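As numbered in this note's numbering, residues 6 to 386 make up the sequence shown, in order.
Idealized CB from N, CA, C, for every residue including glycine.
Quick caveat, the model's predicted, so the values are computed rather than measured.
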Amino acid sequence: MKISRKKFLALTGLAGSSLVFPGNRLLSGEVNKTEKSNSTKASITYKKIKLELGHTWTISRGSTDYKEDVFVFYEKDGITGIGEASHMTGAGQNAERTISELKKIIPVYVDSNPFEFYELTDKVNAKIENISPAKAALDIALFDWLGKKLNIPVHRFFGLDPNKFVNTSFSIGFDKPEVIKQKVKEADPYRILKVKLTNRNDKEIISTIRLVSDKPIRVDINEGWTNKEEAIRKIEWLAKQGVELIEQPMPVDKIKEAKWLKERAPVPIVADEAINTSKDIPAIAEAYDGVNIKLMKSGGILEAFRIAVLARAFNLDIMIGCMIESSVAISAAVQLQPLARWLDLDGPLLLSNDPYKGAEFRDGHWIMPEAPGIGINLPST
Ligand code: MG
6 MKISRKKFLA
16 LTGLAGSSLV
26 FPGNRLLSGE
36 VNKTEKSNST
46 KASITYKKIK
56 LELGHTWTIS
66 RGSTDYKEDV
76 FVFYEKDGIT
86 GIGEASHMTG
96 AGQNAERTIS
106 ELKKIIPVYV
116 DSNPFEFYEL
126 TDKVNAKIEN
136 ISPAKAALDI
146 ALFDWLGKKL
156 NIPVHRFFGL
166 DPNKFVNTSF
176 SIGFDKPEVI
186 KQKVKEADPY
196 RILKVKLTNR
206 NDKEIISTIR
216 LVSDKPIRVD
226 INEGWTNKEE
236 AIRKIEWLAK
246 QGVELIEQPM
256 PVDKIKEAKW
266 LKERAPVPIV
276 ADEAINTSKD
286 IPAIAEAYDG
296 VNIKLMKSGG
306 ILEAFRIAVL
316 ARAFNLDIMI
326 GCMIESSVAI
336 SAAVQLQPLA
346 RWLDLDGPLL
356 LSNDPYKGAE
366 FRDGHWIMPE
376 APGIGINLPS
386 T
C-alpha cells in the first residue's frame with residue numbers, strides 16, 4: 006500500500022493554506038518554480054569511515070569488532086547536507102555494496118530538484134527496489150540539506166513536537182555471564198536494557214542481568230524461535246523477569262504463528278525483520294503490536310515517516326530503532342522520535358570513535374537538536 010502525496014499532506018497537516026511555518030512553503034508549486042529557475046546542480050561525494058565498537062558485537066547472525074559506514078555529502082548552493090549508510094550484520098550489506106549502489110542513484114539526485122523529493126524517491130526506488138542503506142544515506146543528506154536551506158530542523162518539517170521524547174534502550178550484546186554483568190554495570194547511564202537472545206542460554210543471560218540490575222529489559226530474538234508453543238512459554242517466563250517487550254520472536258514468514266503469539270503474550274510483540282517499508286504494514290498488522298522503524302531499512306526519513314503514519318492507521322505502536330551507526334544516522338532518526346512509543350537508538354553509544362556530533366544523549370534520552378537540518382555540526386568547507 007502506498008500513500009498518495011495528497012493523503013500524505015492531509016495526514017501530516019501540511020496541506021492547509023493557513024499554515025505559516027517554512028516547511029509548508031517547500032510543498033507549494035510557487036516555490037518549486039523559483040527553485041528550478043535559479044538552481045545549480047548538486048555535487049554529491051561520499052567517504053567510508055571505520056567505526057570502532059566499545060565491545061565485540063554478537064547477535065544470532067554473527068560477531069564484529071568494527072563497522073564500516075559510508076557518509077554522503079549533498080552540496081548545493083553553498084550548503085552541505087550529510088547522510089550515513091550503516092549495515093546490518095550478516096545480511097550481505099557492506100560499504101562496498103553501498104558504494105556501488107550510491108553510484109547508481111547519485112545521478113538521479115544530481116539531476117533532480119531537491120524540493121521535489123516525492124518524485125525523487127520514486128525514481129530512486131525504480132533503480133533499486135530492495136532495502137539499501139545507500140538510499141537512506143542520500144535521503145538523510147537531502148533532508149539535512151533541505152532543512153539547512155529553509156533554516157528549520159527536519160522535525161519541524163513534519164510538524165513534530167521537539168519536547169516529546171521517551172527514554173532509549175541500550176543494547177547488551179551476547180557474551181559470557183561475567184562480561185554481561187560488566188556490560189550491564191557500564192550501562193548505568195541508560196534506563197532500559199535491550200538484550201539479543203540467541204536461543205542458546207536465554208534464561209542464563211536474563212538471570213545474570215537480574216543479579217546486577219532491575220531495569221526494564223527488552224528482548225530481541227531476531228527470528229530465532231521456531232516453535233510457537235515453546236515461544237509463548239519463554240515469553241511468559243521473560244515477562245515475569247520484567248521483560249517489557251519482545252522483538253521479532255519468530256521468522257518473518259511465520260505470520261500465523263506470530264498472530265497466535267500476539268493473542269496470548271502478556272507483553273507487546275514488535276516486528277523488526279518483518280517490516281522494511283510502509284508496503285509491508287497491511288500484511289503484518291494483525292500479527293504484531295508494534296513495528297520497529299529503522300532508516301536503514303526504510304531507505305530514509307521520508308519513508309520512515311510514511312511507515313509511522315500507516316502504522317498508526319493500523320493500530321500499531323511505533324518503535325524507532327537503528328543499526329550500529331554514528332551520530333549522523335541517529336540524529337536523523339531522533340527527528341522522528343516524537344512519534345515513538347519505544348526508542349531503541351543506541352548506535353553511537355556503542356562506538357568508541359563517533360566521528361560527528363549531533364543529537365545529545367542526556368538523562369536516558371536524546372535531546373532533539375534545534376539546529377537546521379538533522380542537527381550535525383559539520384566543519385565549514
Ligand atoms: Mg531487532
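With hydrogens ignored, establish whether the beta-carbon of residue i is closer than 7 Å to any heavy atom of the ligand MG.
{"i": "glutamate 106", "result": "no"}
{"i": "glutamate 252", "result": "yes"}
{"i": "aspartate 368", "result": "no"}
{"i": "asparagine 227", "result": "yes"}
{"i": "aspartate 277", "result": "yes"}
{"i": "asparagine 297", "result": "yes"}
On the DSSP letters alone, give me the boundaries of the alpha helix (DSSP H) that residue i sits inside.
{"i": "valine 333", "result": "332-339"}
{"i": "alanine 139", "result": "138-155"}
{"i": "leucine 344", "result": "It is not in any alpha helix (DSSP H) - leucine 344 carries neither H nor E in the DSSP assignment."}
{"i": "phenylalanine 120", "result": "Careful: phenylalanine 120 lies outside any alpha helix (DSSP H) and carries neither H nor E."}
{"i": "phenylalanine 366", "result": "Premise fails: phenylalanine 366 lies in the beta strand (DSSP E), 365-367, not in any alpha helix (DSSP H)."}
{"i": "aspartate 116", "result": "100-116"}
{"i": "glutamate 228", "result": "That residue, glutamate 228, is in no alpha helix (DSSP H); it is neither H nor E in DSSP."}
{"i": "isoleucine 185", "result": "182-191"}
{"i": "valine 159", "result": "159-162"}
Check for me: the beta strand (DSSP E) holding residue i runs from which residue to which?
{"i": "serine 174", "result": "174-177"}
{"i": "threonine 213", "result": "Element bounds for threonine 213: not the beta strand (DSSP E) but the alpha helix (DSSP H), 207-217."}
{"i": "tryptophan 242", "result": "Element bounds for tryptophan 242: not the beta strand (DSSP E) but the alpha helix (DSSP H), 233-245."}
{"i": "threonine 85", "result": "84-90"}
{"i": "valine 257", "result": "First-last for valine 257: undefined, no H or E at that position."}
{"i": "valine 200", "result": "197-201"}
{"i": "isoleucine 372", "result": "370-372"}
Please classify residue i: is it buried, with 16 or more other beta-carbons within 10 angstroms of its beta-carbon, or exposed?
{"i": "serine 33", "result": "Because serine 33 carries a pLDDT of 34, less than 50, the predicted location of this residue cannot be relied on, and the following value inherits that uncertainty. Exposed."}
{"i": "leucine 216", "result": "exposed"}
{"i": "threonine 45", "result": "exposed"}
{"i": "asparagine 382", "result": "exposed"}
{"i": "proline 353", "result": "buried"}
{"i": "alanine 309", "result": "buried"}
{"i": "methionine 373", "result": "buried"}
{"i": "threonine 213", "result": "buried"}
{"i": "proline 384", "result": "exposed"}
Would you check whether the ligand ATP has a heavy atom nearer than 7 Å to the C-beta of residue i?
{"i": "glycine 326", "result": "Because the ligand ATP does not appear in the structure shown, any question about it cannot be addressed here, the ligands present being the ligand MG."}
Quick check: residue i and residue j, are their CB atoms within less than 8 Å of each other?
{"i": "glutamate 252", "j": "aspartate 277", "result": "yes"}
{"i": "isoleucine 260", "j": "alanine 292", "result": "yes"}
{"i": "glutamate 234", "j": "aspartate 74", "result": "no"}
{"i": "glutamine 340", "j": "isoleucine 379", "result": "yes"}
{"i": "isoleucine 145", "j": "glutamate 106", "result": "no"}
{"i": "threonine 85", "j": "histidine 92", "result": "no"}
{"i": "aspartate 219", "j": "glycine 247", "result": "yes"}
Suppose only complete runs of 4+ residues qualify. What are the alpha helix (DSSP H) ranges in the region 263-342, listed by chain order? 286-289, 300-303, 306-318, 332-339
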